[in-house]
Structures are given as C-alpha cells and as structure tokens.
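K.L.:
Counting along the sequence shown from 1, when you hit position 294 you're at 298 in the working numbering, and nothing is skipped either side. Please read through the structure below; I'll follow up with questions.
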Amino acid sequence: MRRLLSVALSFFLVFAVASPAVATGGDKPLPGYTIVNPPLAPAQVGGKPTRVIQGVHSHAGYIIEVPPRWNGRLALWAHGYRGEGKALTVDAPPYGLRQRWLDEGYAWAASSYYSNSYDVRAGVTTTRELATLFGQKVQRPKKVFLAGVSMGGHVIARSLEQYPGFYAGALPMCGVMGDHELFDYFLNYHLVAQTLTGIRAYPLPPDYATVVVPRIQQALAGNGQFPAVVTTLSGGARPGAGAAFAYWQNFLFNLVATPPGDTLASNPLQLATNLTTRYRPNSPVDVNKTVQRVRPANPVARHTPALTQIPAVQGRPSAPVVSLHGIGDLFVPFSMEQDYRDDVARSGRTHLLVQRAIRTIDHCEFSPAEVGNAWRDLTAWVDRGTRPSGDDVRRTDDPRYGCRFSDRNATGGTRNLFAAC
C-alpha cells in the first residue's frame, strides 16, 4: 500500500511542477484540461541520440521517439487509469521497454488520451490516431504493435477488435481484459461484505466511505467466509491468496464511493450487476439467497457493441496477444484473464492468445525480465508464426502456479509473500 501511495504522490508532483506542452498544428486540449508533457531527453542507441517529437494531436499530448537506425516498426504504449483530474500526462514505456525497443530498432509513441477518468474510447481512438500521425511525422510503419497496463489492457483488447488487421501483435499487462466484469467484481466486493455483516448500504450513501465502511470492517473482523468468497471472485484458489487479501482488503473498501459524475467514465458502477453471480463458498451464510441483487443501472451501455467510454470486449483478437497478470492482484484481479480467455474461446480464437501468470500481488508489479521475455516471444510469434508457451488460467490451485514465467532473480515488492519456486 505504501507503494500505491508513493505512485499517487509522484503523479501529484508531476502535475504540480511540469509546464503544459505547447499545442502544434492548431490543436489543443478539450475545455477544462491541460496537458503535462515536459521535454523528454533523447536516449542513446549505439552512441547516437534518438529523435524525439512531442506535441498535441487529437486533443491529447503525445511523445514519439525514433532510433537512429529505425527498423520500420512502431510500438504504441497504452497507459492505465489516470483518476479524475484534469491534467493529461504522457508516459514513456516502463519496465525497460523504452530502451529495449530503441535498441532493437523500434520507434515508440505514447498518447495522454484526450480525457482522464475510465475512458477506454479515448484510449482506443487517440492511440490509433497517433499511429496515423507517426506516418505523417516520420514514415508509415511496416508493423504496429500495442503494449500497455491496467486500463490500457482494456484499450488494447478493444483496439484489436475495433481495427482488425491494423495491429500486428499486443502485450497487455495487468489488463482489464474482462471489460465490464471488473465493475461487477467491485460491486460484489461490497455487496458480499454488506450481506455477511447485515449492514445494507446500496446504493452507496454519501457517507459510505467515512461512516459505513468502518462499521463493515469492524463487523467482518475474524470472518473467514468473506476472504474465501473474494478469492473465488478474483480467480479461484491459487498461491498467495491469503496474503493478497490481507494486502488489498482495505484499499478495495475505500475504492468505491459516491460517483463524481453521470458519464460512464466517471461512474462505471452504472454498468455493474450481480444478477447471475453464484457465490462460493456459500456457507455458513447463504450468500446466494440473501445477497442484494442489483441490475445494471444503464443496461443499454452494458449490452451495446458500440465503442462507448467503457466498451464491451467480444474476445475477438485480430493479432497475437501475450498477456501478463499478477496472480495476487486484487485491484484488477486475475479473473480478468479468465474472463478474456472464455470470451476468446467462444469466438474460436484461442490460437491467438497466450497468458502468463506472475507471482506478485501489487498491481502491475513486473520485472524488466518478465516483460522483456514476453515481448521477445510476442515478436518472434508475429515474425515466425511459432506460438509461445503460456499458463492455463483455469487451473490455478497448484502450489507452484505462476512459477514458470516469474523472474526468480527479482526481489522486493510482494514477491517474498510467496513460497520459493
């Protein structure tokens, strides 16, 4: 949790000290937004500097970086959820990807998107438009790849369906691959807690986080059914489940509060439902019988195939996908991989999907080696047609689950909460 707070503080400091980027080509951010895109120093590749291009396009800030000897390929970075603020920021790819891509001859580009909140549509469209801009500023790329984290995984999954044939391959990490089911999971977390304590508070009142949640937490002390149900909802029995619940339980209680607006992006819970959820274990309290059942407040948005701010993912990838996910992540839970795998199977496209389980608990906690190996295997798959190996996300109860692709040399973070592989 200290790491999460540190990340939040770092974002605040960036917003506070960076100067807004100067719009190019007459473009500018949407009303109410500012763009934070301070100059990025060129990297060095083979002793020579890269070419960095920054500006504003489609109401979003962007960075483009091209190595001295470009191989004709472009990697697009899709960032995660930025909160509800009005400062739009641009990331250089983490996990050592920026330098790796440049060293391999890839150019990369990243967009701030034109809005914050949970706006996947903004990510899908501005990322695609950035690829077009790259063709105008540099040259049309031969192949375009996608990589990203968290909400960026939702952006990637929908992008592969929105623009079939455009992207050559994708590397989502800790991604919201299960689309609306993420918000079902958040809803379930609270409804189950309320059912087990007898403290009913849905729809959530204005004082939910400050008054009701502390009462629920106190009433749940020593309750073993609640963490067991959360484990099932988040992906089933798997190594580190107890440590993961202890790590995330307070954060998840304070994650959902009275929504700040009426749009889908600012109020995703209007998509959420538990009408068909079957809870396990269902004793000593019969949760399935006693839980409050909630219909989606916005059923049209829930069921439309349109590209909304929180669009559905049909599980129809149009290019090879290698997906990484921490098995103890309860913020964007491992069940997202299971949901996506099921969607892809229904579409008959499992030959395009490889998933890898990593033994970490924090959100998006990967080592450069884990990400770099996945990228290497993805590009080899695209170039040579050899599908790499992965994990079966439906069979998670082996004590060694997640060992195969976890970096055994990585230390720190939450890795010591798992038994050694």
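Glycine included, every Cβ here is placed at the ideal spot set by N, Cα and C. Everything numeric in this text was worked out from a predicted model, so none of it was measured.
Between the region 54-68 and the region 29-43, do three or more beta carbon pairs fall short of 8 Å?
P.N.:
Short answer: they touch.
K.L.:
Helix, strand or coil: how does DSSP classify Y193 here?
P.N.:
Residue 193 sits at position 189 when you count from the first residue of the sequence shown. Helix.
K.L.:
What are the uninterrupted segments assigned as alpha helix (DSSP H) that are 4 or more residues long and contained completely in the region 99-146, given in chain order?
P.N.:
Runs found: 101-107, 124-141.
K.L.:
What first and last residue would you give for the beta strand (DSSP E) that runs through G246?
P.N.:
The sequence position of residue 246 within the sequence shown is 242, counting from 1. Not the beta strand (DSSP E): G246 falls in the alpha helix (DSSP H), residues 245-257.
K.L.:
Do the region 331-340 and the region 230-241 make contact, defined as three or more Cβ pairs closer than 8 Å?
P.N.:
Yes: at least three Cβ pairs fall under 8 Å.
K.L.:
Which one of P168, M340, L101 has the shortest CA to CA distance from G376?
P.N.:
Working through the sequence shown from its first residue, we reach residue 376 at position 372. For G376, the nearest C-alpha among the options comes from L101.
K.L.:
Kindly identify the DSSP beta-bridge partner or partners of A64.
P.N.:
The sequence position of residue 64 within the sequence shown is 60, counting from 1. Answer is H61.
K.L.:
Does the region 144-159 touch the region 74-90, meaning 3 or more C-beta pairs lie closer than 8 Å?
P.N.:
Counting Cβ pairs under 8 Å, three or more are found: they touch.
K.L.:
Contact defined as beta carbons within less than 8 Å: I believe L279 pairs with F187. What is the distance between those atoms, to the nearest angstrom?
P.N.:
For this step, residue 279 is matched to residue 275 along the sequence shown. For this step, residue 187 is matched to residue 183 along the sequence shown. Not a contact, Cβ separation roughly 14 Å.
K.L.:
I'd like to know whether the C-beta atoms of M177 and F370 end up nearer to each other than 8 Å.
P.N.:
By one-based count along the sequence shown, residue 177 stands at place 173. By one-based count along the sequence shown, residue 370 stands at place 366. The answer is yes: Cβ separation under 8 Å.
K.L.:
Assuming L92 and Y117 form a contact by the criterion Cβ under 8 Å, report the distance between their Cβ atoms to the nearest whole angstrom.
P.N.:
By one-based count along the sequence shown, residue 92 stands at place 88. By one-based count along the sequence shown, residue 117 stands at place 113. The Cβ separation is near 7 Å, so the contact holds.
K.L.:
How many Å lie between A349 and A245 at the Cα?
P.N.:
Position 345 of the sequence shown, counted from the first residue, corresponds to residue 349. Position 241 of the sequence shown, counted from the first residue, corresponds to residue 245. The alpha-carbon atoms of A349 and A245 are separated by roughly 26 Å.
K.L.:
Does the distance from the CB of T38 to the CB of A47 come in under 8 Å?
P.N.:
Within the sequence shown, numbered from 1, the residue matching residue 38 stands at position 34. Within the sequence shown, numbered from 1, the residue matching residue 47 stands at position 43. No.
K.L.:
Excluding the five sequence neighbours on either side, which residues of its own chain have a C-beta within less than 8 Å of the C-beta of E165, listed in chain order?
P.N.:
Within the sequence shown, the letter at position 161 stands for residue 165. V317, Q318, R320, P321, S322.
K.L.:
Taking V326 as part of the beta strand (DSSP E), name the residues at either end of that continuous run.
P.N.:
Position 322 of the sequence shown, counted from the start, is the residue given in the question as residue 326. Taken as a continuous stretch (DSSP letters only), the beta strand (DSSP E) holding V326 covers 325-330.
K.L.:
Between H184 and the rest of its own chain, which residues show a CB-CB distance below 8 Å, the 5 nearest in sequence each way excluded?
P.N.:
Within the sequence shown, numbered from 1, the residue matching residue 184 stands at position 180. Excluding positions up to five away in sequence, the list reads L275, A276, R306, I314, A316.
K.L.:
For P168, I'd like the list of residues in its chain whose CB is within less than 7 Å of its CB, leaving aside the five on either flank, ordered along the chain.
P.N.:
Within the sequence shown, residue 168 is the residue found at index 164, counting from 1. Cβ neighbours of P168 beyond the five flanking positions: S322.
K.L.:
Is it the case that the Cβ atoms of V233 and P288 are separated by a distance below 8 Å?
P.N.:
Residue 233 sits at position 229 when you count from the first residue of the sequence shown. Residue 288 sits at position 284 when you count from the first residue of the sequence shown. No, they are not a contact pair.
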